[in-house]
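Under this note's numbering, think of the first position of the sequence shown as 468, with each following residue one higher.
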Amino acid sequence: QLHNIFIPPSPITFAEDQETWNVQIFRSIDGAAAFGFPESPEDAAEAGLVSGKDSIIDRSIQDAYINAIRRAKRFIYTENQYFLGSSFCWEKSNDITVEDIHALHLIHMELSLKIVSKIEKRERFSVYIVFPMWPEGHPNGGSVQAILDWQRRTMEVMYGDIAKALHAKGIEANPKDYLSFCLGNREVKRSGEYEALRASG
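Below, the structure written as structure tokens:
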């Protein structure tokens, strides 16, 4: 039934040409960032949206990510502002609960499952994930420290899944050979570089 949900990718390359790539760009949005989102859960569901955590969410980005992850053959490269999710798989902890975080999206688990499936087939596959070294805000601030902790927990689960799959297949390899996190540092503004104007007030 997925063909009724997803728009098929446009054929911009020839299938027989092994040197071509397919690239897809996604964007997410919620009721706080867009005007005119339905307010009631019933109206949201009718519009194909999801309601949760006091907001209406367009979940199409998650669906698009999952579709792209499942179609990937050799590698995945992605850039994100944050990298946290699939909190239902995090190691149990006394200081937080899944309900507190509510990072239930499936992208991170889908990436782990993709890598594990390739390991089980003894096929080479790599995932490259780029996100900022520091989330927006003061590095010592509570929200930044929380995000860093949640990102650590997400990475811990993914590397654990990969390590178990490698061990089960008797493959001598480092999980980092399959999953690489690239942390981007904030760049220093260069002389003459454009700077967006900020609204006063």
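Beta carbons are placed, not taken as given, at the ideal position from N, Cα and C, and that holds for glycine.
Taking all protein chains shown into account, do 16 or more other C-beta atoms lie within 10 angstroms of the C-beta of residue i, making it buried, or fewer, making it exposed?
{"i": "D510", "result": "exposed"}
{"i": "K585", "result": "buried"}
{"i": "L646", "result": "buried"}
{"i": "F550", "result": "buried"}
{"i": "F592", "result": "buried"}
{"i": "A632", "result": "buried"}
{"i": "G552", "result": "buried"}
{"i": "T487", "result": "exposed"}
{"i": "V655", "result": "exposed"}
{"i": "T621", "result": "buried"}
{"i": "I629", "result": "buried"}
{"i": "I579", "result": "Checking the sequence shown, residue 579 turns out to be Ser, not Ile. So S579 counts as buried."}
{"i": "I638", "result": "exposed"}
{"i": "A554", "result": "Contrary to the premise, residue 554 reads as Ser rather than Ala in this sequence. S554 is buried by the Cβ-count criterion."}
{"i": "F504", "result": "buried"}
{"i": "D567", "result": "exposed"}
{"i": "D740", "result": "With the chain represented from 468 up to 668, any question about residue 740 goes unanswered, as that position is not in the structure."}
Please state if the CB of residue j and the CB of residue i are separated by a distance shorter than 8 Å.
{"i": "V583", "j": "E546", "result": "no"}
{"i": "E483", "j": "I533", "result": "no"}
{"i": "E590", "j": "K636", "result": "no"}
{"i": "Y626", "j": "Y544", "result": "no"}
{"i": "P508", "j": "S518", "result": "yes"}
{"i": "K581", "j": "A640", "result": "no"}
{"i": "P599", "j": "G659", "result": "no"}
Could you pull the DSSP bridge partners for residue i from this structure?
{"i": "I543", "result": "V594"}
{"i": "C649", "result": "V597"}
query = Do the stretch 591-607 and the stretch 552-561 touch if we need at least three Cβ pairs shorter than 8 Å?
reply = no
ask   = Are three or more beta carbon pairs between the stretch 571-590 and the stretch 517-533 nearer than 8 Å?
value = yes
query = In chain order, which continuous runs of the beta strand (DSSP E) of length 3 or greater are located wholly inside the stretch 577-640?
reply = 593-599
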